[in-house]
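Whatever position you read off the sequence shown (first residue = 1), add 1444 for my numbering. Accompanying notes for the structure given below.
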Amino acid sequence: MVYDWFNRQASDDVSTEKVLEEKAEGSEELSSDSSNNQEESSPMNQEESSLEWARNAYARLKAQQEQQKTSQASVEIDSASETALTANVQPELSAQSSSLEAGGSLLEQAALQRQSRQQELEARVEEVSPQLAQQSQFSETSPEPKLGEFDETFAWSAEVLAAQGRKPEKISLEEIDWLGRLRRGLEKTRQGFVKGLLENLGDDPLTPEVLDDLETLLLRADAGVEATDQVLDALRRRMNEEVVDPAEGLRFLKQQLCNLLEAPIQDTGTDLLAPERGRLNIWLFVGVNGVGKTTTLGKLANLAVRSGYSALIAAADTFRAAAVEQVKVWGARSGVPVIANSTANADPAAVVFDAIGAARSKSTDLVLVDTAGRLQTKHNLMEELQKVRRIIDRLAPEARVESLLILDASQGQNGLRQAMAFAQAAALTGVVITKLDGTSRGGVALAVASEARLPIRFIGAGEGIRDLRPFNSFEFVEALLANY
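Spelled out as structure tokens, the structure:
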């Protein structure tokens, strides 16, 4: 099964879906009977309903995992049979080669042998599934997620998906795995923000003093002045209308944070940034030194391959030592070709020129362009970035171009200033926030959305190759305020 993370959907065959439905049918009947009995005695509250939803989803994922194990075992059996058949054919091939040696000149024999060998290689290449080939290229560095025990983390992840209107049969282990990673990645920000929030909320209705403390917590998390004012103004208006208890105040706070993060995304008219099939897509990655541009590019290349897209990397960071080699390593890990020029101080625009030509010849879906790290105050380097953009516009006017700024969350408000400067020089269309797991300043996402007016497209919450995924404001806020 291929899960398209860019569009948040999985492509699965009908036969597997049938098997899963049959295996889960019994558990559904039992759950429906038990729910009916509970309805006769007392209505099921929301917490029990969410837990039942999570158990149903867990049962389906477990059935799916068992089905995959069965399919894998059958493939191994077929492979063993094919090996035995090949062993039986070997004597026949040896006899043919002996007959070749018996008649004809040495040149004729060599030509026939080369022709026979070429035919064998072509036949073997045609038999290899492209999807299996891609999986084998990064299986060692990016193992598939495994279904663990039904624990509190799984129940929370399932609850987040259920709150978005998802059905148990439509969720994937990929999503459950990512939500767990996101929750762990925001632990430092959550500890600094949420614990202080709970201490101030208590059990009494919201008061102006509580809002003052909330203002301090938001500013300490680097949410920014504008975002903090927007949230507090909304809460004050609500308090003037009615008495707000702590539970309702927390729910309203979540809603305001989501609205703030969603506003620039909705302005673009594109909820999720995804490569457009049948059209050349070019994504440039810009930012200062040390924010993780090359690493982010490598993770996105892996994500593109896993989501069923063809990708190509342009190593246009020709200034930093070993930058090209680092990109090549990431390309090898994800099975993505890399266009590079190892010559010292090579022209980045020339690398992009070659990459566009290669992408067109291979009908590649997505070209990822790594650029040199630069300070927003270095006008000569910013001019070089604009030159790369002009090359793209001239060579591929039909391409869909995205310019993504990579921000290190640990830089806080300094990262916001970078976003404001790059937005003018690099025609930014979005932001990728990295290293959320290593800082308590995850609130910078709110500042980027409210002050820079830039949509957050991806977030990184760990060092692993799977720790970067498309941004979802609802999931981000729920992970930020998990269990509270």
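Idealized CB from N, CA, C, for every residue including glycine.
**Q.** Distance between beta carbons of ALA1667 and GLY1636, contact taken as under 8 Å
**A.** Indexing the sequence shown from 1 puts residue 1636 at position 192. Indexing the sequence shown from 1 puts residue 1667 at position 223. With 8 Å as the limit, GLY1636 and ALA1667 do not qualify as a contact, their Cβ atoms being about 12 Å apart.
Q: State buried or exposed for GLN1942, treating a residue as buried only when at least 16 other CB atoms are found within 10 Å of its CB.
A: Examination of residue 1942 is not possible in this model, given that the chain is present from 1445 through 1928 alone.
Q) Quick one: what does DSSP say VAL1446 is sitting in, helix, strand or coil? A) Taking the sequence shown and counting its residues from 1, the one referred to as residue 1446 is at position 2. Here VAL1446 sits in strand by DSSP.
**Q.** Cutoff 7 Å; reference TRP1497; Cβ partners in own chain excluding five residues on either side
**A.** Numbered from its first residue, the sequence shown carries residue 1497 at position 53. Excluding sequence neighbours, TRP1497 sits near ALA1602, ALA1606 and PRO1612.
Q) Where do the N-terminal and C-terminal ends of the alpha helix (DSSP H) with PRO1589 fall, by residue? A) The residue given as residue 1589 occupies position 145 in the sequence shown. No alpha helix (DSSP H) contains PRO1589, which DSSP labels as neither H nor E.
Q | Per-residue burial, GLN1508 [other beta carbons within 10 Å of its own, 16 or more giving buried] | A | Taking the sequence shown and counting its residues from 1, the one referred to as residue 1508 is at position 64. By the neighbour-count rule (16 or more Cβ atoms within 10 Å), GLN1508 is buried.
Q) Using a Cβ-Cβ cut-off of 7 Å (strictly less than) and excluding sequence neighbours within five positions of ALA1896, which residues of its own chain qualify? A) Position 452 of the sequence shown, counted from the first residue, corresponds to residue 1896. These residues qualify, in order along the chain: LEU1860, ALA1863, MET1864 and ALA1867.
Q: Find out if the Cβ-Cβ distance for the pair ALA1926, TRP1600 is shorter than 8 Å.
A: Stepping through the sequence shown from its first residue, residue 1926 is reached at position 482. Stepping through the sequence shown from its first residue, residue 1600 is reached at position 156. Against a cut-off of 8 Å, the Cβ pair of TRP1600 and ALA1926 comes out as a contact.
Q: Measure the beta-carbon distance from SER1894 to LEU1872 and round it to whole angstroms, keeping in mind my assumption that it falls under 8 Å.
A: Looking up residue 1894 in the sequence shown gives position 450. Looking up residue 1872 in the sequence shown gives position 428. Not a contact, Cβ separation roughly 16 Å.
Q: Under the assumption that LEU1924 contacts THR1633 (Cβ atoms under 8 Å), give the Cβ distance between them as a whole number of angstroms.
A: On the sequence shown, residue 1924 is found 480 positions in, with the first residue counted as 1. On the sequence shown, residue 1633 is found 189 positions in, with the first residue counted as 1. Rounded, the Cβ-Cβ distance is 6 Å, consistent with contact.
Q) Going by DSSP, what residues sit across from ASN1725 in a beta bridge? A) Locating residue 1725 in the sequence shown gives position 281, counting from the first residue. DSSP lists LEU1810 and ARG1844 as partners of ASN1725.
Q) What are the boundary residues of the alpha helix (DSSP H) that VAL1749 is part of? A) For the purposes of this step, residue 1749 is taken as residue 305 along the sequence shown, with counting starting at 1. VAL1749 -> alpha helix (DSSP H) spans 1737-1750.
Q | 8 Å Cβ cutoff met for ILE1836 and VAL1796 | A | If you number the sequence shown from 1, residue 1836 lands on position 392. If you number the sequence shown from 1, residue 1796 lands on position 352. Cβ distance < 8 Å, so ILE1836 and VAL1796 count as in contact.
Q.
Would LYS1831 and ALA1793 be called neighbours here (beta carbons separated by less than 8 Å)?
A. The count along the sequence shown starts at 1 and reaches residue 1831 at position 387. The count along the sequence shown starts at 1 and reaches residue 1793 at position 349. Cβ distance < 8 Å, so LYS1831 and ALA1793 count as in contact.
(Q) Please identify the residue among ASP1673, LEU1810, ALA1759 and TRP1774 whose C-alpha is closest to the C-alpha of THR1787. (A) To locate residue 1787, count along the sequence shown from 1; it is residue 343. Ranking the options by Cα distance to THR1787, first place goes to ALA1759.
Q. With which residues is GLN1830 paired in a DSSP beta bridge?
A. Walking along the sequence shown from the start, residue 1830 turns up at place 386. In DSSP, GLN1830 forms no bridge with anything.
Q.
From the DSSP secondary-structure annotation, give me the bridge partner or partners of THR1672.
A. For this step, residue 1672 is matched to residue 228 along the sequence shown. Paired residue(s): none; THR1672 is not in a bridge.
Q.
Tell me the residue span of the beta strand (DSSP E) that contains PRO1914.
A. Here residue 1914 is taken as the residue at index 470 of the sequence shown, counted from 1. Run containing PRO1914: 1912-1914, per the beta strand (DSSP E) assignment.
Q | Inter-residue Cα distance where the pair is SER1471 and ILE1620 | A | For the purposes of this step, residue 1471 is taken as residue 27 along the sequence shown, with counting starting at 1. For the purposes of this step, residue 1620 is taken as residue 176 along the sequence shown, with counting starting at 1. The predicted model places SER1471 with a pLDDT of 41, which falls under 50 and marks its position as unreliable; any figure quoted below should be read in that light. Near 20 Å, if we compare the C-alpha coordinates of ILE1620 and SER1471.
Q. Between PHE1902 and VAL1876, which are expected to be in contact by the criterion C-beta below 8 Å, what is the C-beta distance as a whole number of angstroms?
A. By one-based count along the sequence shown, residue 1902 stands at place 458. By one-based count along the sequence shown, residue 1876 stands at place 432. Right, the Cβ-Cβ distance comes to about 4 Å (below 8 Å), so this counts as a contact.
Q. Are the segment 1906-1913 and the segment 1646-1659 in contact at 8 Å, needing three or more beta carbon pairs?
A. no
Q. Could you give the uninterrupted runs of the alpha helix (DSSP H) lying entirely in the segment 1675-1733, keeping only those of 4 residues or more?
A. 1690-1712
Q) Looking only at C-alpha atoms, which of LEU1663, PRO1690, ARG1625 and LEU1810 sits nearest to LEU1650? A) Within the sequence shown, the letter at position 206 stands for residue 1650. Looking at the Cα atoms, PRO1690 is the closest of the given residues.
Q) Where does THR1633 fall in DSSP's three states? A) On the sequence shown, position 189 is the one that residue 1633 refers to. Three-state result, THR1633: helix.
**Q.** Assigned exposure category for ASP1673 - 16 Cβ within 10 Å defines buried
**A.** Taking the first residue of the sequence shown as position 1, residue 1673 is located at position 229. Exposed: under 16 other Cβ atoms inside 10 Å.
Q: Please report the Cβ distance between GLY1908 and VAL1888, rounded to the nearest whole angstrom; I am assuming they are in contact, meaning their Cβ atoms lie under 8 Å.
A: Here residue 1908 corresponds to residue number 464 of the sequence shown, with the count starting at 1. Here residue 1888 corresponds to residue number 444 of the sequence shown, with the count starting at 1. Wrong, their Cβ atoms sit about 22 Å apart, outside the cutoff.
Q) Between VAL1780 and LEU1851, is the Cβ-Cβ spacing less than 8 Å? A) If you number the sequence shown from 1, residue 1780 lands on position 336. If you number the sequence shown from 1, residue 1851 lands on position 407. Contact flag unset, no.
Q: Have a look at THR1878, MET1826 and ILE1800 and flag the residue whose alpha-carbon is nearest the alpha-carbon of GLU1842.
A: The count along the sequence shown starts at 1 and reaches residue 1842 at position 398. Minimum Cα distance to GLU1842 is reached at ILE1800.
(Q) For VAL1892 and GLU1706, I'd like the C-alpha separation in whole angstroms. (A) Within the sequence shown, numbered from 1, the residue matching residue 1892 stands at position 448. Within the sequence shown, numbered from 1, the residue matching residue 1706 stands at position 262. Rounded to the nearest angstrom, the two C-alpha atoms are 11 Å apart.
(Q) Please report the straight-line C-alpha distance between ASP1814 and LEU1697, rounded to a whole angstrom. (A) On the sequence shown, residue 1814 is found 370 positions in, with the first residue counted as 1. On the sequence shown, residue 1697 is found 253 positions in, with the first residue counted as 1. Answer to the nearest angstrom: the Cα atoms are 38 Å apart.
Q.
Assuming contact is defined by CB atoms lying nearer than 8 Å, are SER1778 and VAL1811 in contact in what I supplied?
A. Position 334 of the sequence shown, counted from the start, is the residue given in the question as residue 1778. Position 367 of the sequence shown, counted from the start, is the residue given in the question as residue 1811. Not closer than 8 Å, so no.
(Q) Within a Cβ cutoff of 7 Å, which residues of the same chain sit near GLY1886, ignoring the five residues on either side of it in sequence? (A) On the sequence shown, position 442 is the one that residue 1886 refers to. Around GLY1886: LEU1630, THR1633, ALA1665, ALA1853, LEU1880 and LEU1924.
Q. Which word fits ARG1452, buried or exposed, when buried means at least 16 other C-beta atoms lie within 10 angstroms of its C-beta?
A. Sequence index remark: in the sequence shown, residue 1452 carries index 8 (1-based). Looking at its Cβ environment, which holds 16 or more other Cβ atoms inside 10 Å, ARG1452 is buried.
Q.
Among SER1494, SER1515, PHE1594 and GLU1588, whose alpha-carbon lies nearest the alpha-carbon of ALA1503?
A. Working through the sequence shown from its first residue, we reach residue 1503 at position 59. For the residues SER1494, SER1515, PHE1594 and GLU1588, the minimum Cα distance to ALA1503 belongs to PHE1594.
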